[in-house]
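Undergrad: Residue numbers (my numbering), protein chains in the order written: chain A, 1 to 394; chain U, 395 to 788.
There are 2 protein chains.
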Amino acid sequence: MKIKGFSTSAVAAGIRYADRLDLGLIVSDTPVVTAGAFTTNQVKAAPVVLDMERLQQGKAQAILVNSGCANACTGEAGMQAAMATSQCVAQALGIADSLVQVSSTGVIGEQLNVEAIQKAMPQLVAGLSPDHFELVAKAIMTTDTIPKTAYRTVLIAGKEIRFMGMAKGAGMIMPNMATMLAFVLTDAKIHFPQLHESLIRGVSSTFNRITIDGDTSTNDMILVMANGTAENTLIDENETNDQQLFEMTLTDLLRDLALQIVADGEGATKCITIRVCGARTVLEGEQIARTVANSNLVKTAFFGEDANWGRIIAAMGRSGILFSPERVNISFGEVLIVHNGLGQGKEAETAATAVLKEKNIVVTIDLKDGAATVEVYTCDFSLDYVKINADYRS
Amino acid sequence: MKIKGFSTSAVAAGIRYADRLDLGLIVSDTPVVTAGAFTTNQVKAAPVVLDMERLQQGKAQAILVNSGCANACTGEAGMQAAMATSQCVAQALGIADSLVQVSSTGVIGEQLNVEAIQKAMPQLVAGLSPDHFELVAKAIMTTDTIPKTAYRTVLIAGKEIRFMGMAKGAGMIMPNMATMLAFVLTDAKIHFPQLHESLIRGVSSTFNRITIDGDTSTNDMILVMANGTAENTLIDENETNDQQLFEMTLTDLLRDLALQIVADGEGATKCITIRVCGARTVLEGEQIARTVANSNLVKTAFFGEDANWGRIIAAMGRSGILFSPERVNISFGEVLIVHNGLGQGKEAETAATAVLKEKNIVVTIDLKDGAATVEVYTCDFSLDYVKINADYRS
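1. Can you list the residues of chain U that GLN80 (chain A) reaches, using a CB-CB cut of under 7 Å?
2. Output needed for LEU647 (chain U): all residues of its chain with C-beta closer than 8 Å, excluding positions within five of it in sequence on either side, in chain order.
3. How far does the alpha helix (DSSP H) with GLY202 (chain A) in it reach, from first residue to last?
4. Quick check: what's the CA-CA separation for ASP22 (chain A) versus ALA167 (chain A)?
5. Kindly list, in the order they appear in chain U, the residues whose Cβ is closer than 8 Å to that of PRO147 (chain A).
6. Find the residues of chain U that neighbour SER382 (chain A), judging by a C-beta separation of less than 9 Å, and give them in chain order.
7. Are the Cβ atoms of ILE511 (chain U) and THR468 (chain U) separated by less than 9 Å?
8. Is the Cβ of ASN241 (chain A) closer than 9 Å to any Cβ of chain U?
9. Between THR600 (chain U) and ALA520 (chain U), is the Cβ-Cβ spacing less than 9 Å?
10. Answer with yes or no whether the minimum CB distance from LEU50 (chain A) to chain U is below 9 Å.
11. Could you check the C-alpha separation between VAL362 (chain A) and ALA582 (chain U) for me, to the nearest Å?
12. Given that ILE502 (chain U) touches chain A, what residues does it touch there, using C-beta distances under 9 Å?
13. Beta-carbon within less than 6 Å of GLY503 (chain U)'s beta-carbon, same chain only, minus the 5 sequence neighbours each way: which residues are those?
14. What residues of chain U sit near LEU259 (chain A), judged by a beta carbon separation below 8 Å?
15. Residues of chain U with CB under 9 Å from THR281 (chain A), in chain order?
16. Taking only beta-carbon atoms, is TYR377 (chain A) less than 9 Å away from chain U?
17. Distance check for GLU554 (chain U) and GLU641 (chain U), CA to CA, integer angstroms please.
18. Assign PRO47 (chain A) to one of three DSSP states: helix, strand, or coil.
19. Quick one, are the C-beta atoms of ASP397 (chain A) and GLY169 (chain A) less than 9 Å apart?
20. By alpha-carbon positions, which one of A:GLU305, A:ASP369, A:ALA301, A:ILE388 ends up nearest to LEU285 (chain A)?
21. Find out if the Cβ-Cβ distance for the pair VAL768 (chain U), VAL676 (chain U) is shorter than 9 Å.
22. Is ARG684 (chain U) helix, strand or coil by DSSP?
23. Relative to the alpha-carbon of TRP703 (chain U), which residue among U:SER718, U:GLY661, U:ASN723 has its alpha-carbon at the smallest distance?
24. Taking Cβ positions, are VAL530 (chain U) and GLY711 (chain U) nearer each other than 9 Å?
25. Have a look at TYR779 (chain U) and SER9 (chain A) and give me their C-alpha separation to the nearest angstrom.
26. Cβ closer than 8 Å: which chain A residues qualify as neighbours of LEU716 (chain U)?
27. I need the straight-line Cα distance from MET177 (chain A) to ASN219 (chain A), nearest angstrom please.
28. On the premise that ALA620 (chain U) lies in contact with ARG426 (chain U), defined as a C-beta separation below 8 Å, what is that separation, rounded to the nearest angstrom?
29. Pull the bridge partners of GLU769 (chain U) from the DSSP assignment, please.
30. Across which residues does DSSP place GLN101 (chain A) in a beta bridge pair?
31. Which of the three DSSP states, helix, strand or coil, is assigned to ARG603 (chain U)?
32. What number of angstroms, rounded off, separates the C-alpha of ARG603 (chain U) from the C-alpha of PHE696 (chain U)?
33. My output table needs one value for ALA96 (chain A): the three-state DSSP class, helix, strand or coil.
34. Note down, in chain order, each residue of its chain lying with its Cβ closer than 7 Å to the Cβ of PHE381 (chain A), except the 5 sequence neighbours on either side.
35. For TYR377 (chain A) and ARG275 (chain A), what's the separation of their Cα atoms in angstroms?
36. Consider the Cβ of LEU691 (chain U): report whether some Cβ of chain A lies at a distance smaller than 9 Å.
Structural data, given as structure tokens:
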């Protein structure tokens, strides 16, 4: 897919390794409406701080993204480096510095190699083309084993609106980081408040519902640029139906990218959906689902294909949310393994164990306390997770 | 060590495995002051529910403990089983049911083998002796690799007070459980309110400050019996100095047992103390220390002997406690690796890596925000942790 008005480019700049795509550029022909969502970690990398400040104007024209260095915990020098690289892009494109967003992933605590980026800039800009979106998706990879992209179209009032998204997941060939980055381009014509609102709502039920290991990076960010070249009726506060269609499609694309991240989680062999239903509120259901999804005991049991429902109910019990253990049902796939808090015996366990042999597993926990349903997405916890995160420097 | 008035016994009852010590009994000659602390998990095993209710009277005479089955998530039948086994002890000893505490560790969701316990009771009671404390410590082991006991004495107003403690740690040859059990006997003469208060305060800075994997069991409990045979002046609300001495010694013994549990954590190769100083309050410091101590990324880095301070500061940043990253110092042992939020370069990292080769590692995080200091104790996260928790049934 291409979207009129956007071009992309990626090069091997040698930021940490030689001959490896590590620098990407996304450019719009003109300044366009841009919304972002950023890490909630109070330790924020320099590019995150810079981007959040600049995005208060609600528009941008270029995104520069590098792998190999997170530019996090780098102090004043790190902020200078982020500004210097954005300035380098601005000069090469002849636009204002403040229209450039910067994004980094890689080692924490090391200074960014600004010189390598400056040196690569002419080649990077020369390579700009409508066709290099997949190349940029490769340039942002760290321990990701595959590039992650997703595409969608939707008809809004007779106009076809396009979406192109890319993401990188929780991987670290480098120490210290499990960064999630995502960039989405669309040709929708939409006001900033509506774009921002749809992004935040979309992220809350997709990217904010995945967990690999419970750690939150200093560099997480997602940016959406909307350039309006679809020539649809402007989506503003009066076009709520149009916004709904836009948001549904955006959310669908975000979920696609989020699930690609889970499937490619460090060492992951299985994708697991923890679905809590019958919760009093979405927040309470989410808290229970998240506690189960982050439990090492639950995740290692899935790796071992062991229908260990006791670990699930024990994790629920420490979630801080009140429920009645004696009313809880738990199913693995279609197999009811716990009914009203009691195990359903060897036969159910054998059937549940068969479900665990699959690659995609849905665990449904029914609290019978209310009407709210929430899903959290995670992966299993394998020997390779420990290997990846213990051995990389040795 | 022996304490006059207490006797102990352990047998292989065949609760789950044959020819393996799995049933222990601790008996006092008379009903004695007994205090307990129990799991905060809202899913509580049957023995926990029964004990909490019975301990409202502040005294007990016997503790029956089994491994091999947690008697958790077993519904009404599980509660009947807990009562039946306590009744069996009561009849054999000729005491009231309500004076018997019961304690279980092992598989969640399976019913307790009451018959095996009833059958073993005559032999168990016949074996009661002042000398079998270490045998009981063996009978409560699951994946613990060594029995854990600790002994202390203290002079209070000229009388020698003795303490004998045992614990089991976070292991599971069985599915689903990482149960901490501990039992302490003392000959101190002390009123229940003072014993309870000293136990709760002692636990809060010892057992409640260790973490293996962030999961909380449905069966955790600690019981302290004080039989008064030391003939010291009764420790009551008037003897605050005596209580302080008593509490210091009890706490020291509890810390000893707690650190033995960490050292024998599943797959652990290193003991790690996360010390947060300069916190505004103990609660805030504890929250930061606990988040760092539970981070899989931090724990795998320790296993890999990798001085990954970025993972520590990233975990601190998601702890929910406000601090100033640009003021933080981090030391590994005596090596300052982060000063005012910035890494101290290759030389410091090399020195820190040498510290990580040791078995006991202290990480000090100075927030420079206040005067509170807190320590949380944990272990590293190894390949064996995943193996133990994924493979046990295959």
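Quick reminder that beta carbons are idealized off the backbone N, C-alpha and C, glycines included.
TA: From the atom records:
1. Near GLN80 (chain A) there are no residues of chain U at all, since even the closest Cβ is about 14 Å away, more than 7 Å.
2. Scanning its chain for C-beta atoms nearer than 8 Å, with the 5 sequence neighbours on each side dropped, one finds around LEU647 (chain U) the residues ALA544, TYR545, ARG546, PHE557, GLY559, VAL578, in chain order.
3. Unbroken alpha helix (DSSP H) run through GLY202 (chain A): 192-204.
4. 14 Å
5. The premise fails here: PRO147 (chain A) is roughly 24 Å from chain U at the closest Cβ pair, so nothing lies under 8 Å.
6. VAL780, ALA784
7. Their beta carbons are not under 9 Å apart, which means ILE511 (chain U) does not touch THR468 (chain U) by this criterion.
8. no
9. no
10. no
11. 54 Å
12. ASN308, TRP309, GLY310, ARG311, ILE313, ALA314, GLY343
13. Cβ neighbours of GLY503 (chain U) beyond the five flanking positions: CYS467.
14. Under the 8 Å cutoff, chain U gives no residues; its nearest Cβ is about 21 Å from LEU259 (chain A).
15. Within chain U, no residue has its CB atom less than 9 Å from the CB of THR281 (chain A), the nearest being about 17 Å off.
16. So no, TYR377 (chain A) is outside the interface.
17. Distance between the alpha carbons of GLU641 (chain U) and GLU554 (chain U): 14 Å.
18. Note: PRO47 (chain A) maps to helix in three-state DSSP.
19. Nothing about residue 397 (chain A) can be reported from this structure: the residues present for chain A run from 1 to 394 only.
20. A small fix is needed here, since residue 285 (chain A) is Gly in this sequence, not Leu. Closest by alpha carbon: A:ASP369.
21. VAL676 (chain U) is positioned such that its CB atom lies closer than 9 Å to that of VAL768 (chain U).
22. helix
23. U:ASN723
24. no
25. 43 Å
26. GLN42
27. Annotation note: pLDDT 41 at MET177 (chain A) (below 50); position unreliable, coordinate value reported separately. Taking the straight line from one Cα to the other gives about 8 Å.
28. The amino acid occupying residue 426 (chain U) in the given sequence is Val; Arg does not appear at that position. About 6 Å separates the two Cβ atoms, so the contact holds.
29. Assignment of beta-bridge partners to GLU769 (chain U) by DSSP yields U:ARG669.
30. Its beta-bridge partners are A:ILE63.
31. helix
32. Going from the Cα of ARG603 (chain U) to the Cα of PHE696 (chain U) covers about 19 Å.
33. ALA96 (chain A): coil per DSSP, three-state reduction.
34. ASN296, LYS299, THR300, PHE303
35. 9 Å
36. yes
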